[in-house]
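First the structure, in the form of structure tokens, and then the observations on it.
Protein chains: 4
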Amino acid sequence: MTKEERDRGWLSTSIGGSTPTTITVRGKDLAGEVMGEMSFADLAFMLASGRAPTDDESRMFNAVLASLADHGLTPTALAARLTYTGAPEAMQGAIAAGLLGGGSIFLGPVEDTARFLDRILADLGPGATDAQLKSGAADAVRVAAEAGSRVPGLGHPIHKVTDPRTPRLYELARETGTEGPRLKLLSLVADAHRELSGKALPINGAGAAGAALADLGFTPLIARGFALLARTAGLIAHLSEESESPIGMRLWKEVDKRASETP
Amino acid sequence: MTKEERDRGWLSTSIGGSTPTTITVRGKDLAGEVMGEMSFADLAFMLASGRAPTDDESRMFNAVLASLADHGLTPTALAARLTYTGAPEAMQGAIAAGLLGGGSIFLGPVEDTARFLDRILADLGPGATDAQLKSGAADAVRVAAEAGSRVPGLGHPIHKVTDPRTPRLYELARETGTEGPRLKLLSLVADAHRELSGKALPINGAGAAGAALADLGFTPLIARGFALLARTAGLIAHLSEESESPIGMRLWKEVDKRASETP
Amino acid sequence: MTKEERDRGWLSTSIGGSTPTTITVRGKDLAGEVMGEMSFADLAFMLASGRAPTDDESRMFNAVLASLADHGLTPTALAARLTYTGAPEAMQGAIAAGLLGGGSIFLGPVEDTARFLDRILADLGPGATDAQLKSGAADAVRVAAEAGSRVPGLGHPIHKVTDPRTPRLYELARETGTEGPRLKLLSLVADAHRELSGKALPINGAGAAGAALADLGFTPLIARGFALLARTAGLIAHLSEESESPIGMRLWKEVDKRASETP
Amino acid sequence: MTKEERDRGWLSTSIGGSTPTTITVRGKDLAGEVMGEMSFADLAFMLASGRAPTDDESRMFNAVLASLADHGLTPTALAARLTYTGAPEAMQGAIAAGLLGGGSIFLGPVEDTARFLDRILADLGPGATDAQLKSGAADAVRVAAEAGSRVPGLGHPIHKVTDPRTPRLYELARETGTEGPRLKLLSLVADAHRELSGKALPINGAGAAGAALADLGFTPLIARGFALLARTAGLIAHLSEESESPIGMRLWKEVDKRASETP
């Protein structure tokens, strides 16, 4: 592509397009080749990566999305419900409010873990041996410890011993043959952390999901995007429940009552 | 349930919960019964409705989600990309900005059509015959025409003759046995509109999706939620592309240049 | 302006622009004529309307904004704080989440009241006498009652007898000479409602603010915009407090604990 | 305060509250002491800091807000307008979408500059002399250069020689006696950068605003909040204009046409 061609083409997309009679996504005819032929998750995979997943990749990808979909009355679910309380006519606002809490503390660890592992792999270069992965993990954990920063992907406020999603994701990665260097490396990172700190922190579900998505070929940014996609399914359920058994208005009143009792 | 019990239980959810060793969604064990066993779309269906779909329902539901996932460089995709331009470190904000355009003009028609059809059915009462559906459709179209308001679900700015998603959704509804009174009614509404106005407007994809989701048992509110879920998959792809071949900054400059040339 | 000129000029704005050495807003030089010379509220007034307010209009406008700025730990403040809990690095997301609850239930009444009053005035035509305003108010209240819909601008969950902001806004409107037909009409609407229903509902602050902004010449849409501007000031304070004395994480834990105790 | 008292009081706010007959903000009666007595900007200052500004501080604060209010058809204004195109009934969503672009690239520099200057001052300790400020500035610039990272607050894509807001902010800071160590330091940072790089970058308006807000006593987080508050005024104007002379729909069509012409 010459500079002139690239220049002319700056305003373009290779995701999809439509004509009066057809809609195309990633080169496939939406009505004829996608609808009824491909699952929604496979389409999401294809939209982001440009290709459809294999059956094994699809099974793994669906499991990762499922692992991130809902966690009960979390701050994001509460923010969505309280927004619905004020604007029930604009459901897009309530979902947006819920997603906006998906930052460095919640969901962000999916991206952070993928980024952390990518950096170790980039430092090691291609074709690293198991021994090199192990020493790369140990180095990265030591650097984090010296800087006083947390190792992404480890520890969970509720699942203190084992996050039930993690062993299942590892098991499925093996079953589907999608386990790649990042899931392996994350496991070595957890080992290195335990050895260095003497404290056994479990690999959390968000971290394992980030590693799994990266092993499926996605960038850390897209990994975070998929975490938000998964969470959207949970938020729809919370807003549906909120529309039938509201808690927002009453939560406000209880908070207000308690705040005004404070001396 | 006594008033006291209900009262004690106001702050609760039946969507899911977790303990130190387990996570449950809609009564199923997430790690053991959902991950690797159930597709993401089926989980989304179950989170919202409380039950898993049948295979036929699942095929239809996936097709509806696929039909709504992406439409190229639409205002919602552009808003997401322009937001990413200013805040690339907060992907949740760019996705939220994209979803916020899913209102009465875009995506909202999914909800509006479902609501419009629900109202006709409610007026007719349960067990309406085909003849009653036909006359209910004609009445509703006439009322809308007299009020000067648009009939939801009809017409499309680009697909002026046929929206390619619509016949495919009808075909799949028949194949899967999920065609219910709303898809049937929407078709009668289009007929009635053509007879009254003399103008043949196609059933648009959003309208057919709304009717199909309603026939699958979802409320208009949830139907809109699923439209937003589907669109999130498209937005992730746009933001991934934006991070690699950005158009936001340059679009701004071209707009700015052109605006400043205006006398 | 010929069609061609208008066509060429569609991509333009009359709000402002910049060159390498100057920035202009509404025709004024930002550095020389606005900064240090004009208050922020006056600039907001000018940006929206195209002209600077008089001193009297300015005093009234500032009072209206002040009346809408904060209401304690409301659902919008809680949604902003809970969003900050998950994404403290993206303050724009927390403010956005707070604003998204400014819909039909909260803040929306500012717009709805302005729209309701505008419609009555439009039906009466220009130059309506006091007697005509009174009968227009009575008609509108009766229509609302028959339709079973609420009269916008009346009633408040906490300020059941008098909303303290309302008499103050009326007093300031008189002092500044900015009382126009909408504030007058809103008062007649409250009278008509009391006569018809036998129940004395106070004019709420949001309604009085909407009427006052409309009397200052703003459309209902802009009136709502200013309510959101005012609330942004409150949200900044809440997020500042949240960053120092956080309640989000603990609120989540208390909610979660209580939800899991529910049988 | 004992631990028990603090514990009981976790769910409280010192921003404001209301009773059936009164509303209080930061200890002042809203109707009697704020409305009509205090400008909106002064209230915003007081809500965030707990105290009203002096007249001089108020003049400076208003000027800073004015400097950040609008910049024409920027990505944030375009995102707000494109969101309005899809959801004109939910203005809160369009404003939220506009604010969500206020991240690391736009508006974020207000916070980043304040943070950068705070760090230099913290390293120097209290009561630093001019000579120490100068050498602190030089050190910080050198560290940034060695790390290959940009110095916050310097340079502007359009105002390449002088950002017209900057000298005006410095002038007003002197006039109002609010110039503090951060504005002084930022100027030394610009000098140091020019000496080290041989390239004269102007102090940009966002950087000067961040320094000025920090000198007024605000944290970097609140400084960013005020940048968002200021921008909200601009967004209201853009949405008002969009509702009357829309560009969103047509911008979409032009983008779409051009994208589909790309080979």
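In order, the protein sequence lines correspond to chains Y, X, A and V. Position one of the first sequence corresponds to residue 906 (this note's numbering), numbered consecutively onward. Position one of the second sequence corresponds to residue 906 (this note's numbering), numbered consecutively onward. Position one of the third sequence corresponds to residue 906 (this note's numbering), numbered consecutively onward. Position one of the fourth sequence corresponds to residue 906 (this note's numbering), numbered consecutively onward. Cβ coordinates follow ideal geometry from the N, Cα and C atoms, glycine included.
Taking Pro1151 of chain A as reference, the option from A:Thr1067, A:Pro993 and A:Ala1050 with the minimal CA-CA separation is A:Pro993. Counting only Cβ-Cβ distances below 9 Å, Thr926 of chain A has contacts in chain V at His1064, Val1066, Thr1067 and Pro1069, in chain order. Measuring C-alpha to C-alpha distances from His1061 of chain Y to each of X:Gly1085, X:Ser919 and X:Thr927 identifies X:Thr927 as the nearest. Assignment of Ser972 of chain V by DSSP, reduced to helix, strand and coil, places it in the helix class. Taking the Cα positions, Pro1125 of chain V is about 41 Å away from Val930 of chain X. In the displayed model, Lys933 of chain V falls within a strand according to three-state DSSP.
If the five residues before and after Arg1087 of chain V are omitted, its C-beta is found closer than 6 Å to the C-beta atoms of Leu1022, Ala1116, Ala1119 and Asp1120, all from its own chain and listed in chain order. A straight-line Cα-Cα distance of about 14 Å links Asn1109 of chain X and His1098 of chain X. Interface annotation, Phe1011 of chain X: in contact with chain V, CB-CB separation under 7 Å. Nearest CB-CB separation between Leu1077 of chain Y and chain A: not below the 7 Å threshold.
At the C-beta level, Leu1029 of chain Y and Gly1013 of chain Y stay beyond 7 Å of one another. With fewer than 16 other CB atoms across the displayed protein chains lying within 10 angstroms of its CB, Ser1054 of chain V is exposed. If you draw a straight line from the Cα of Arg1079 of chain X to the Cα of Ala1078 of chain Y, it comes to about 37 Å. Contact between Leu1005 of chain X and Ala1001 of chain V holds, since their C-beta atoms are separated by about 6 Å, short of 8 Å. When DSSP assignments are scanned along the region 1004 to 1043 of chain V, the uninterrupted stretches of alpha helix (DSSP H) that are 4 or more residues long and fall wholly within it turn out to be 1013 to 1029. Taking 7 Å as the CB threshold, Val1160 of chain X lines the interface with chain V. Closer than 7 Å to the CB of Trp915 of chain X there is not a single CB belonging to chain V. Rounded to the nearest angstrom, the gap between the Cα atoms of Thr924 of chain A and Glu962 of chain A is 32 Å. Taken in chain order, the members of the region 945 to 971 of chain X whose beta-carbon sits within less than 7 Å of a beta-carbon on chain Y are Phe945, Ala946, Leu948, Ala949, Leu952, Ala953, Arg964, Asn967, Ala968, Leu970 and Ala971. With respect to the C-alpha of Ser1145 of chain A, the residue from A:Ile1127, A:Met996, A:Arg1073 and A:Thr1067 having the closest C-alpha is A:Met996. Contact between Ala946 of chain V and Ala946 of chain A holds, since their C-beta atoms are separated by about 6 Å, short of 8 Å. Interface with chain X (7 Å Cβ-Cβ cutoff): Ala992 of chain V is included.
If one requires a minimum length of 4 residues, the alpha helix (DSSP H) runs lying completely within the region 1064 to 1101 of chain Y are 1070 to 1081, in chain order. Taking a C-beta distance under 7 Å as the contact criterion, Arg1155 of chain Y and Trp915 of chain X qualify as a contact pair.
Burial state of Arg956 of chain V is exposed, judged by a 10 Å Cβ sphere holding fewer than 16 other Cβ atoms. Taken atom to atom, the span from the alpha-carbon of Ala1138 of chain Y to that of Phe1131 of chain X is near 8 Å. Look at Leu1059 of chain Y here: in three-state DSSP terms it is strand.
By alpha-carbon distance to Ala1019 of chain V, the top candidate from V:Val1066, V:Leu1091 and V:Ala1036 is V:Leu1091. Ala984 of chain V sits close to Ala984 of chain X, with the two beta carbons spaced by under 7 Å. Ile920 of chain V sits in coil when the DSSP states are folded into three classes, being neither helix nor strand.
For Leu1101 of chain A, same chain residues with a beta-carbon under 8 Å away, outside a window of 5 residues either side, are Ala1043, Val1046, Arg1047 and Ala1050 in chain order. Counting only Cβ-Cβ distances below 7 Å, Arg1163 of chain V has contacts in chain Y at Leu916, in chain order.
For the 7 Å CB-CB criterion, Ala1135 of chain A and Leu973 of chain A form a contact. Residues of the region 1031 to 1053 of chain Y that bring their beta carbon within less than 7 Å of a beta carbon in chain X are absent altogether. Between Ala1111 of chain X and Ile1141 of chain Y, the C-beta spacing is not below 7 Å. C-alpha of Glu1016 of chain A to C-alpha of Glu1084 of chain X: approximately 41 Å in a straight line.
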